[in-house]
Every structure is written in structure tokens, then in C-alpha cells.
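Asks: Structure incoming, see below.
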Amino acid sequence: MVFRRFGERIVCYARRKSPWVLHLDTGGCNGCAIETFAVLTPRYDIERFGGLSKANPRHSDVLIISGAVTKKIESRLGRIYDQTPEPKVVLAVGSCAISKGVFHDSYNISGPLDRIMPVDVYVPGCPPKPEAILQGLIKALDVWREKYRI
Amino acid sequence: MIFEILIYPGFVFLVLASMIYYGILRKVAARMQSRIGPPIWQPILDFIKLVGKEDLNPEQAKAGFTFWPFIAITSVLIAGLLTPIAGIVPLSFTGDIVVLIYFLAFGSLAVYLSGFSSSNPYGVVGSMRGLIQMIGYEFPFIVSILVPVVAAGILSPFLINTLQVHYGWFGFTFPFAAIAYFVSILAKVEVPPFHTPGAHQEIVSGYSTEYTGTRLAMIELAHMIKLFVLISLGIALFFGGSADILMFIVKSLVLLFIITLARVLVARFRIDQILKFTWFFGFVALIDLVRVVLIL
Amino acid sequence: MRLTGEALKNVFKRPFTQKYPKVKPIIPEGLRGRVEHDKNKCIYCGMCDKYCPSGAIEVEVGRAWRYDMGRCLFCSQCEEVCKYMVRKNAITMVMDFEHAERKKSRLITIHKKPKPEK
Amino acid sequence: MKEEKKMEKVKEERVTYSLPIGPQHPMYVEAENLNVYLDGETIVDVDINVGYLHRGIEELMQRRNYLQNIYLSERICGICSGIHSMTYCQCIENLLDVNIPERAKYIRTMVLELERLHSHFLFLGVVGYEIGMDTAFMYAWKDREFSMDMLEQVSGNRVNYAMPTVGGVRRDVPNHIIPSMLKKLNHLEKRTEYYRKVFLRDRTIIARTRGLGILPKKDVERFSIVGPVARASGLKIDVRRDTPYLKYDDLDWKVIVEKAEDSQSRVMVKVLEIFQSIKILRQCLKKLPSLDREIKTKVPLVIPKAEAIAITEAPRGELVYYAMSNGTDRPERMRIRTPSFVNIIYSLPIILKEQQLADLPAIVASIDPCFSCTDRMTLIDTKSGEKKTVDETYLKKLGERRLK
Ligand code: SF4
Ligand code: SF4
Ligand code: SF4
Ligand code: SF4
Ligand code: SF4
Ligand code: SF4
Ligand code: SF4
Ligand code: SF4
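For the record, the sequence lines run as chains B, Z, P and C. Under the working numbering, read the first sequence as residues 176 to 325, first letter to last. Under the working numbering, read the second sequence as residues 1425 to 1720, first letter to last. Under the working numbering, read the third sequence as residues 70 to 187, first letter to last. Under the working numbering, read the fourth sequence as residues 46 to 449, first letter to last.
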């Protein structure tokens, strides 16, 4: 029992120290996509938190989703969510993903993101600065601690 | 004996050391790219995390999807037991260098078979590329290993190691073979320019595309152990051998640094370019082999 | 292999990375961070609502002002409108950027028109 | 026709399997779908399936007023957002027939060139990334941060600058930031020289770019491909020189043309254009302090019935905005023709044919695909090539009248 708890703690710690991210743009302006990409680069360097960009839903733990969800990509998005193994967190980056942003009255948008999948952290901004995305990520990792610690 | 096989320099040591080495590689690579990079124990954290994750079974997966990763890790671990690390080999018998070559090759093969068994198009393409690449690198690998073996006239890497410690570096006597061996290390552990089977930008994650959780952890770990084993084998066969831990650490870190440089500095080869490149080095190594045979 | 020199130099140089959560980045002057609304200066005329490109601001004319940061584009059009068209200066852009929240509702600000003091 | 049928049949026989790339794929950040038909590792054909990012922007524009549309047009795309909003504003100014202050012109030119800088550095990084050389990606994006810093300094945001407004610009560039910007430009120039050498000489990069993805000049002309992609095939077109807007005819710079028609020349065009951008920026910054402080002319927000067009050179080629007003504060019709659409739809099948799958990312990256603005127009009938040319000359005539 004690060992089990201890083991769980270690796994939980490791999880928070090794977030592999998947980023997907679901029909925004690309601005958030670029800023999320910038998070990988030397100035922001997500790898110092152990993060890696995996681009493969089966390998990732954190889904960073930007863009107002278009009708065409909606079903794909659901599939990507299902393909990601538990435990996972979802970050909605940018006002498009949070509430459809400028595209709120468009005919081809079926978002916002939280209609399609549960979202854990909202990062407003259009686009948010890379620092803000990092802050969102750090917050999301704290979500983990609460959600999966027994 | 049990202690040697399980703890030092056996399984546990192998696993931890290879993870740390891989972590150092990642850290140094990050520094070369002007980033801070992960802590050097990052692969351990990754491994624990992956083990604690959900295992997804794709519908289209074929038989073997579950066990190939474990076979891969087992065979590279056994290969590790046959390799002299800092002058100690937990398992040693005559003829073990041949067995070692087979186990290393089988470790790679099992990884590629796991890609085939996942039936994912990316996985299949990745594995196919892996197999083609294998045709490329096994040739220089085997030829270059044969050079010190024939020169010393013994099959045990442990004895070659000791021989080198006393009589000087085989790397100096047979520079071509040493270079070919180094190139085949790069190809075997899929460090750039040979990271074609897992080419991120073309085929997502190659053979490991469908893998999650523990099985993915096994594939990644097999990869790291392979790197460590090949470095130690290289030291034992070419780079002066290692009688004590300090010498081993220094030599292996220098080798690791050069591998990191390759990882950072070059672009990916196409599969046909890989074949040309590796076979070129295979023939380069043959020069040394011919020399050895003629001299003897 | 042309990058060799640069890579080797970088190993011994300080990394370019900002240590973000510990060290806050230098923010250039005039960064458009977030809309701040002064409920006493505002006359609840609804001009900012009319010109907001994304509908992040909704004004119940004469009664209440509602701002949804999750929809805002941080374009400062509302600031401009309030400043130059209405001449009230009730909206300013604040220079902070760390807005990540766990609950969507926390991104919304609602200001009711204060009761006139007698 | 018979020939085509035969081709079709040959193709069918050769294709051993098809590989879907996207909509979620590491090759590009945007969601897009390429269906690649392969014979072993050789590409036989590609199908491009766009539309994942379609947001109906032109329709949305008809429902918003002219000021709101600035920010909407900016969000057609986050990479060259500046050029979109500037062209939009220019188009509306043409509708109104107003002239903007000199200082505003300089500031707009400056922001556009800064954007070209950041966009080209981004491109260099992406090419490095696609050929499997992460370090080149890291270095290019590290230096890109300097241009992002400048943009942030000037406009207050890193992406989506919200700089122009109808009748001028919204923010002034204060004199005290000019020295620090010049310093950053010097640094960038040094770095660009370095990248020029790297992309020209590095053996592994050459192996993956030189002689690959050939786009012949005659195909460029036939499909009216624009921008750096066309210039890399030896066609000397640049809207900045052909129909100058803003201050481009007063400034000293030149059009970069490369003749090799392959991936590497497309990269080199962009590298050399960075030098030109830096040159233009220096001239702007030098000129700026001596100009009048006025940055905006007053414009009415209700626009009488008219039609207008604006043509500009986006980092990736010619961008056309067409607007029609109807006497209210909303446009009756907006139409946008973006560079990436032609560049992607027409050139991808040509340059990918008979190449290796392993070269696909590098080749695709070399035409700098970005789908945000492409997807806005997936409903257009692409077959009516003839009609389009007619349209264009007509529009050009209209535009020249307006631009004069
Ligand atoms: S939130 Fe803004 S920057 Fe991000 S994708 Fe949407 S429109 Fe673009
Ligand atoms: S325009 Fe200014 S005064 Fe009018 S409602 Fe908006 S904030 Fe208040
Ligand atoms: S900053 Fe722009 S989007 Fe945000 S509330 Fe103001 S006008 Fe609306
Ligand atoms: S005077 Fe100004 S604030 Fe008042 S209603 Fe007219 S436009 Fe609005
Ligand atoms: S491109 Fe045409 S169909 Fe598509 S949104 Fe615009 S107006 Fe509508
Ligand atoms: S050409 Fe590319 S970068 Fe420019 S607006 Fe279009 S999608 Fe964006
Ligand atoms: S072409 Fe017609 S059917 Fe198709 S999307 Fe447009 S309006 Fe709908
Ligand atoms: S060219 Fe023809 S089909 Fe295309 S937008 Fe114009 S009128 Fe419509």
C-alpha cells in the first residue's frame, strides 16, 4: 500500500516533468500556431521543462489546440483526442479556440473547442505571447497534480 | 554472478547508464542549439511517465504488436551483458562477439518488426526504411568489427579490450575500420544523418507511430541502450580499451560528444544516399581487413 | 557541416533562453496586454461594442458593460474609439500578458453602471 | 484525351499505396491534407485536399464595418498579417480616394519589411526543420526573435500588429527606439550573411535541395505563379517594382532573381531578399525622424458607392484586394486573391512528380506553403483559368487608375 502510493507519486512527478506536446491548428489564422512553434525554439525552449514536440497524438500528453474549429476538421479533432492516451491535458490557445474569436459568426465554424473536448486551461490572447503559452502549460501541469493524484 | 548480471555492471546499471548518457546527449545538443535543454536525468523521467501511461491497442494491429518491443529490449540487454564496460563483462564465453553482433542486429530487427505489426502506413514505411538502412549499415559494422578480431585472433571483446590496454589503440593501427565503425554507430542508433526510419517530418514517428505507454517506453529504452552498448563496444575494440571506470567515462563521453555533434550538424539523408554512404564506408573498412589478412 | 563552429561556440556560451517563469521578460512599451475598464468614467454609450471586431465587448446601453477576454483580439480598437470618438478615456490597455485560466468564466468582466450618489 | 487516359492507367498500375499526410502531421503546423500516391518511395501523384481552415472570411467581411474589417483581414493569416491589413486599408483608401500622410507611408513600409524579415527567417527555419536539421531551425528562429522584438517594439504585439487603420497608421514610431532597431538590423545582417553561406555551401543541405523540385519557367508563366517562387524560376516580377505602392519607388532596392528553378534557388531568393529588406528598413529609419508627425488623415466611415482594388507584394507573392462599397459603413463585396493559393495548388503537383517521398517535406517547404489564406478560397472554380486572366487585367487597369 505504502509502496503503491510512493510509486504513484513518482509517476505523477515524472509526468509533470515530461510533458510531450502535440500542437494542432484547427482553423485559426496561424498566429497561435506560429507562437506555439516558437515555444520550441531557443528563446523559450520548452525542453527545459522536459517537453518535446511530438506531433503524434499517441505519444503526447499535452494537446495544445489553437484556432476556431472548422466543420471539416471537427471529426478529426475528436479522433485525435481519442488517440491520445490518458492522462492528458488540453490547452485552448488563443481567443479562437476559447470562444471562436473574430470568426464567431462564421458559417463554417463549429467550435469553440470546449464543445468538442474538455479543456483544462484557457490561454487568451490573439495570439498569446509564447511566455503566456508557457504559463498556460505550467498551469496545466498543476492540473495534473490535482486530477491524478490519489 | 547474480549481482553482476542484475546490478553492476548488469541490467540495472545498463539501463540507468544508457538513460543518463542519452540525457547528456540531449543536454549537450540543446546547448549547441543555444538552449538550456532538459536536465540530464530527463530520459528517466520520460521512461517512468511512459510506463505510467495508458496502453492503447489499435484495431488493425497484428499479432506481435505487444511482444516485439519487449523482445527488442531483451536482446539489446543481453548484448549489453556481453560487452565489456569499464573492463568488466558479466557474461563471457568464447565466440561471444558473434553472438553480440546477432543480438544487436536482432534488437533492431525486433523494433522494425514491431513497426510492421502495427499495420499503420507510417509504421510500415518506417520499418521498411529501417530494414533497407540495416542492409546499409550491417556491412560496415561487421567488417569493421572483424578487423580487430582478426588482428588479435580472439573472439572475446573482453580480451581485445585487455589487449588494447596493454598494446595500444587499434583505432590508430586501423583508422579506416574505426571510422567505419563510428559511422555504423550513427546509423544503428538512427542519429542524424541516419534518422530516416523515424523521420518526423515525413512519416510522423516511423515504426513507433502506433505505440503508447509501456511498449513505447521499451522501444525508446532499447534505442538508448543500443547507443550505450555500441559506445562501450567501440571503446573495447578500437579506442584503447578501458581498464578502469575513469578511463571509460572519459573515452565514452568524448565519443558521445562527437555523436552529439553529428546529431546537431547534419541534415537527414535520403534512403538511397544512406546506402551509398554506408557502403562506401564498408569498403573503406575492407581496406583495413585486407591489410590485416595480408600482414598475418 | 557548416554549422560546426557556431555549435561548438554555443556550448560554452550562455544559452539564449529566457528563464521565463523565474525571470519576467522585458516588455516593450506599449504592449497591448488586456483591456481595463474604468466603470466610473464610462458612460455606457455602447460605441466600443459597435466597433469591437470580435464582439468581445457587449454593452447594455446605459446599464452595464461586459468584457470577455477569451474573445478579445487585443487590438485596442475599443481604446481608440473610447478615447477619440466618445472622448471618455474609460478603456486602457494594460501591459500584462499572463492570463491563462482554468475556468472560462474567470475571463469575463462585468461592470454595472454605478448608482449615482445623491 | 487519349494520352491522358493512358497516363491515368499507367499511374494506376504504378501506385502501390497512398499515404495521407495531414490534416494533423508534423510537416506543417497547419491542418491540411495531402494524399500522396507512391510507387515504393517514389511519388507518382499528389492530391491536395484543402478546406480544413476555411473560415468564410470574405462573407464575414460583408457583415462588419470598415474598421472592424481591418482586424478581420489581419486574421486571414498570422504570418503575413501585416500585409493583409495594409492592403485592406489601401483598398479602402482607394475606394475613398484619400492620400495618407507621408509618415504613415514610411511606417507602413517599415512594418511590411519587418514582416518580410520575420517571415523569411521563419521560412529558413522551416526548411531546416523539414530536411531534418533541427539546428538550422533553432538558429533561424533564434534570430527571428530579433525581428519579432522589433515588431513588438513598433506595434505592441508580436503577431497581428494592428498597425494600419483606414487613413494612416495607429501608432507612431518614437525616435528613441530607432538606435536600438538599427543595432538589431546590423546583427541580423551579419546573421543573414552566415545563413547565406550555410544554405549555399553546406553539403548535407545541398544534397537535399539542389536540383530537386524543379519548377520550369514555362510552367510558372502558364499557371501565373507569383512571388519568390516565380522569381526563383527566373521570372522577374515583383509588385513592389511593377506597380509601386507606399514608398517603394522612392527607396533604393532591387528585385532578386535566381535562375536555377530548384528548391535551393527558392531558398536563396528568400535569403537575398532579407538583405534587401534590411536595406529598405535602414532607409526608412533614417528618413523617419525628419518627417512631419502627422500619422493619420481623417476619413469618413460611411463610404459612397464605388469599386477599388489594391495590389501588394506579400512575403510570398502578389496579394490582391478588391472592394465594392454600397453607401453604408459595410462593404458590399470583398474579394481577396492570395499568393499561396496559386503557388500551392498549381506548383505542388509539378514539383513533386517523380520525386522521393523523403524529399517531399523539403520540396514542399521550399515553396513555403501556408494554408491559412489558401483555404479562404476553396470554393472558387479553379478550372476557369481563362476567365481569371481576363479578370486580372481588368482589375489591374482599375487598380492603376486608383493607384495613380
Ligand atoms: S486567436 Fe488570434 S492569433 Fe490565434 S489563431 Fe485565432 S485569430 Fe489567429
Ligand atoms: S465607448 Fe467608452 S464610454 Fe462608451 S461604453 Fe465603451 S467604455 Fe464606456
Ligand atoms: S481590444 Fe479589440 S477585440 Fe478586444 S475588446 Fe477592444 S476592440 Fe474588442
Ligand atoms: S455624442 Fe458621441 S457618445 Fe454621444 S451618442 Fe453621439 S457619438 Fe455617442
Ligand atoms: S471565399 Fe467566397 S464562398 Fe468563401 S467565404 Fe468568401 S465569399 Fe464565401
Ligand atoms: S501567403 Fe501564407 S503567410 Fe501569407 S497570408 Fe497567406 S497563408 Fe499567410
Ligand atoms: S458551392 Fe454551393 S453548396 Fe458548395 S459550399 Fe458553396 S454554397 Fe454550399
Ligand atoms: S473567376 Fe469566375 S468563378 Fe472565379 S470568382 Fe471570378 S467569377 Fe467566380
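Ideal placement from N, C-alpha and C gives every residue a C-beta, glycine not left out.
Can you pull out the residues from the segment 130-142 of chain P whose beta carbon lies closer than 7 Å to at least one beta carbon of chain C?
Replies: Per Cβ criterion, the list reads Leu142.
Asks: Determine the direct distance from the alpha carbon of Z:Trp1465 to that of Z:Val1574, and round the result to whole angstroms.
Replies: Cα to Cα, the separation comes out at about 39 Å.
Asks: Can you tell me whether C:Glu399 is buried or exposed? The criterion is at least 16 other CB atoms within 10 Å of its CB, across all chains shown.
Replies: C:Glu399 should be labelled exposed.
Asks: Hey, B:Cys204 and C:Ser126: beta-carbon distance below 8 Å or not?
Replies: It is a contact, given that the beta carbons lie within the stated cut-off.
Asks: If you drop the 5 nearest sequence neighbours on each side, which residues of the same chain put their C-beta closer than 6 Å to that of C:Pro273?
Replies: Counting only Cβ-Cβ distances below 6 Å, and skipping sequence neighbours, we find Val314 and Lys315.
Asks: Cα separation between P:Val163 and P:Glu148?
Replies: Computed Cα separation, rounded: 11 Å.
Asks: Give the interface partners of B:His279 over in chain P, defined as CB-CB distance under 9 Å, in chain order.
Replies: Within 9 Å Cβ-Cβ: Ser123, Gly124 and Arg140.
Asks: How about P:His168: is its Cβ closer than 7 Å to a heavy atom in ligand 2?
Replies: No, the Cβ of P:His168 stays beyond 7 Å of every heavy atom of ligand 2.
Asks: Who are the near neighbours of C:Lys242 in its chain, counting only those whose CB is closer than 8 Å to its CB and skipping five residues on each side?
Replies: Answer for C:Lys242: no residue qualifies.
Asks: With a threshold of 8 Å, are at least 3 pairs of Cβ atoms found where one atom belongs to the segment 106-122 of chain P and the other to the segment 169-177 of chain C?
Replies: The segment 106-122 of chain P is not in contact with the segment 169-177 of chain C.
Asks: Please confirm whether P:Val155 has its beta-carbon closer than 8 Å to some beta-carbon of chain Z.
Replies: Not one chain Z Cβ lies under 8 Å of P:Val155.
Asks: What is the DSSP secondary structure of P:His180, reduced to helix, strand or coil?
Replies: P:His180 falls in the strand class under three-state DSSP.
Asks: Quick one: what's got a C-beta closer than 7 Å to C:Ile408's C-beta in the same chain, skipping five residues either side?
Replies: Same-chain partners within the cutoff: Leu257, Gly258, Ser308, Ile396, Leu397 and Gln400.
Asks: Taking the alpha-carbon of Z:Phe1596 as reference, which of Z:Val1571, Z:Glu1634, Z:Leu1506 and Z:Ile1472 has the nearest alpha-carbon?
Replies: Considering only alpha carbons, the answer is Z:Val1571.
Asks: Drop a sphere of 10 angstroms on the beta-carbon of C:Glu190, count the other beta-carbons inside from all chains shown, and report buried for 16 or more, exposed for fewer.
Replies: Flag for C:Glu190 reads buried.
Asks: For the beta strand (DSSP E) containing B:Ile240, name the first residue and the last one.
Replies: Per DSSP, B:Ile240 belongs to the beta strand (DSSP E) from Val237 to Ser241.
Asks: CB of P:Ala133 to nearest heavy atom of ligand 2: below 7 Å?
Replies: Flag unset: Cβ of P:Ala133 not near ligand 2.
Asks: Could one say the Cβ of C:Met313 lies closer than 8 Å to chain Z's Cβ atoms, at least one of them?
Replies: It does not: the Cβ of C:Met313 has no partner Cβ on chain Z nearer than 8 Å.
Asks: Ordered along the chain, which non-local residues of its own chain (more than five positions away) have a Cβ less than 7 Å from that of Z:Arg1455?
Replies: These residues qualify, in order along the chain: Gly1461.
Asks: According to DSSP, is C:Arg380 part of a helix, a strand, or is it coil?
Replies: Reduced to three states, the DSSP call for C:Arg380 is strand.
Asks: B:Glu261 versus chain Z: which residues are under 8 Å apart at the beta carbon?
Replies: Within chain Z, the residues near B:Glu261 are Lys1477 and Glu1478.
Asks: Kindly give me the distance between the Cβ atoms of C:Leu79 and C:Val89, rounded to whole angstroms, as I take these residues to be in contact under 8 Å.
Replies: The pair is not a contact, with the Cβ atoms about 13 Å apart (cut-off 8 Å).
Asks: Cα-Cα, which of P:Ile160, P:Ile95 and P:Pro97 is closest to P:Ile126?
Replies: Of the listed residues, the one whose Cα sits closest to P:Ile126 is P:Ile160.
Asks: Within this structure, are the beta carbons of B:Ile273 and B:Val214 separated by less than 8 Å?
Replies: No, Cβ-Cβ distance for B:Ile273 and B:Val214 is not below 8 Å.
Asks: Classify B:Lys263 as buried or exposed, calling it buried when 16 or more other Cβ atoms lie within 10 Å of its own Cβ.
Replies: Flag for B:Lys263 reads buried.
Asks: Buried or exposed, going by whether 16 or more other CB atoms sit within 10 Å of the CB of Z:Ala1487?
Replies: Classification of Z:Ala1487: exposed, given that the 10 Å Cβ count is below 16.
Asks: With respect to the beta strand (DSSP E) encompassing C:Tyr367, which residues constitute its N-terminal and C-terminal limits?
Replies: Unbroken beta strand (DSSP E) run through C:Tyr367: Gly362 to Ser370.
Asks: Taking Cβ positions, are B:Trp195 and B:Lys229 nearer each other than 8 Å?
Replies: Cβ atoms of B:Trp195 and B:Lys229: closer than 8 Å.
Asks: If you reduce the DSSP assignment to three classes, tell me which class C:His165 lands in.
Replies: Residue state, collapsed to three classes: helix.
Asks: Using the Cβ count rule (16 or more neighbours within 10 Å means buried), how would you classify C:Pro345?
Replies: Under this definition C:Pro345 is an exposed residue.
Asks: Any residues in the segment 191-205 of chain B with a beta carbon nearer than 9 Å to a beta carbon of chain C? Which ones, in chain order?
Replies: Listed by position along the chain: Leu197, His198, Leu199, Asp200, Thr201, Gly202, Gly203, Cys204 and Asn205.
Asks: Taking only beta-carbon positions, decide if C:His232 is within less than 8 Å of chain B.
Replies: No, no contact with chain B.
Asks: Can you tell me the Cα-Cα spacing of Z:Trp1492 and C:Ala252, whole angstroms?
Replies: Near 35 Å, if we compare the C-alpha coordinates of C:Ala252 and Z:Trp1492.
Asks: Would a check of beta-carbon distances place P:Cys144 closer than 8 Å to chain C?
Replies: True, the Cβ-Cβ gap to chain C drops below 8 Å.
Asks: Is there a Cβ of chain C sitting closer than 8 Å to that of B:Glu210, yes or no?
Replies: Output row for B:Glu210: interface = yes.
Asks: Work out the CA separation of Z:Phe1652 and Z:Ile1441 for me, nearest whole Å.
Replies: At residue 1441 of chain Z the sequence reads Ala, which differs from the Ile that was named. Approximately 8 Å, taken between the alpha carbons.
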